[in-house]
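A.B. asks:
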Amino acid sequence: MQTEDRATGADTTHVATAGDPGGEPLLLLHGTGPGATGALSFRPLLPGVATYRCIMPDLVGFGHSSHPETLPPGPGPWFRRRVDAVLRLLDDLGLDRVHVAGHSYGARVALELAVHAPERLGRIVLMGAGGTPVKARLGTLTAFYESPSEEAMHALVSAQLSRGDVPGIDDYVKERFAIAVRPEVRRSFQAAMAPGDPAPVYDEPVLAGIPHPVLAVHGKDDGTISPAAGLFLAEHLPHADLHLFADCGHLLQFEVPDRLGALIREFLAAA
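As structure tokens, then:
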């Protein structure tokens, strides 16, 4: 895995790359939460998509990317800034069109790209997707900073899993906690979660206008975003397939990385 910082307008976006440099580009967009980053979020999935040029940015306000201090609080301004930086990253990398796989909040970003920059996307994978009228349960995320500790991070992550024996989780918790307690990371997360202008919700009329082939995947035991979100997407996106993983929570890429990777490969290969 290689990392670099790229200029994306007013921001700097930290991006990790892996896989085949000559492969089709696959943009991987991480979810929200204290300490989340692109590389940490998708590391377990990478062997399964190694034939693709995997591009994993830290969204603005996360990890090693910019942490704007003058952006108004609230989900909307931060969401728009993040989407703009992703598009500028594609420009800076010279990529006219990519496949995209978004997890949770990253799926919401992917939907925004599909609506407002459809020509930039090929096929779309939505994993445990946010952004639908199905409300996410974010209490453990927002409560983390009330008393931040490695134990609290472990509880946060465990709440997004269906079982406790997932390989690599202890290392993931340690690495994510180290990022989460950085002052600028905390400030950005709390500003983006503060009351204010909301981020968009993608309802039936909006989804009906998305022309791309879509694969929606969800864990049947997801307690963060109900599988009803995946069903909603499959019902209202005109070209969507849905796969539900049994005995799996919100962090699909950790609980079923091999099966998820195989499913994504099959879907993207149909392009």
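Under the working numbering, the final residue of the sequence shown carries the number 274; numbering is consecutive throughout. C-beta: ideal position from N, C-alpha, C; glycine also. This one's a predicted model, so the numbers in the text were calculated from it and none came from an experiment.
What separation, rounded to the nearest whole angstrom, lies between the Cα atoms of D95 and D173?
C.D. replies: Those two C-alpha atoms are separated by around 35 angstroms.
A.B. asks: Please report the distance separating the alpha-carbon of W81 from that of G64.
C.D. replies: Their backbone Cα atoms lie some 8 angstroms apart in a straight line.
A.B. asks: Can you tell me which of P78, I58 and L43 puts its alpha carbon nearest to the alpha carbon of G66?
C.D. replies: Checking every option, the nearest Cα to that of G66 belongs to L43.
A.B. asks: Compute the Euclidean distance between the alpha carbons of E27 and Q5, then round it to the nearest angstrom.
C.D. replies: About 17 angstroms.
A.B. asks: With three or more beta-carbon pairs closer than 8 angstroms as the criterion, would you say the region 245–255 touches the region 221–233?
C.D. replies: Enough Cβ pairs lie closer than 8 angstroms, so yes.
A.B. asks: Hey, T35 and Y108 are a contact pair by Cβ (cut 8 angstroms); roughly how many whole angstroms apart?
C.D. replies: Yes, they are in contact, since the Cβ atoms of T35 and Y108 sit about 4 angstroms apart, within 8 angstroms.
A.B. asks: Could you give the distance in angstroms between the alpha-carbon of G25 and the alpha-carbon of P50?
C.D. replies: Taking the straight line joining both Cα atoms gives about 16 angstroms.
A.B. asks: Quick one: complete alpha helix (DSSP H) runs, 4+ long, within the region 104–153?
C.D. replies: Runs of the alpha helix (DSSP H) inside the region 104–153: 108–119 and 142–146.
A.B. asks: Pair every Cβ in the region 10–25 with every Cβ in the region 155–164, then say whether three or more of these pairs are closer than 8 angstroms.
C.D. replies: Counting Cβ pairs under 8 angstroms, fewer than three are found: no touch.
A.B. asks: How do the region 204–218 and the region 67–76 stand: do at least 3 beta-carbon pairs fall below 8 angstroms, yes or no?
C.D. replies: Because the criterion of three Cβ pairs below 8 angstroms is not met, the region 204–218 and the region 67–76 do not touch.
A.B. asks: With DSSP collapsed to three states, give me the class of E72.
C.D. replies: Three-state DSSP puts E72 in coil, outside helix and strand.
A.B. asks: Count the other CB atoms, across all protein chains shown, that sit within 10 Å of the CB of H242; report buried if there are 16 or more and exposed otherwise.
C.D. replies: By the neighbour-count rule (16 or more Cβ atoms within 10 Å), H242 is not buried but exposed.
A.B. asks: Please specify which runs of the alpha helix (DSSP H), each continuous and at least 4 residues long, are wholly inside the region 157–191, giving them in chain order.
C.D. replies: Complete alpha helix (DSSP H) runs here, min 4: 172–183.
A.B. asks: Do I267 and V18 have their C-beta atoms closer together than 8 angstroms?
C.D. replies: Not a contact, by the Cβ cut-off of 8 angstroms.
A.B. asks: Which residue wins for smallest C-alpha separation from A146, given the options P37, R123 and A110?
C.D. replies: When only C-alpha atoms are compared, the closest one is P37.
A.B. asks: Looking at the structure shown, is M196 part of a helix, part of a strand, or coil, going by DSSP?
C.D. replies: Helix, per DSSP.
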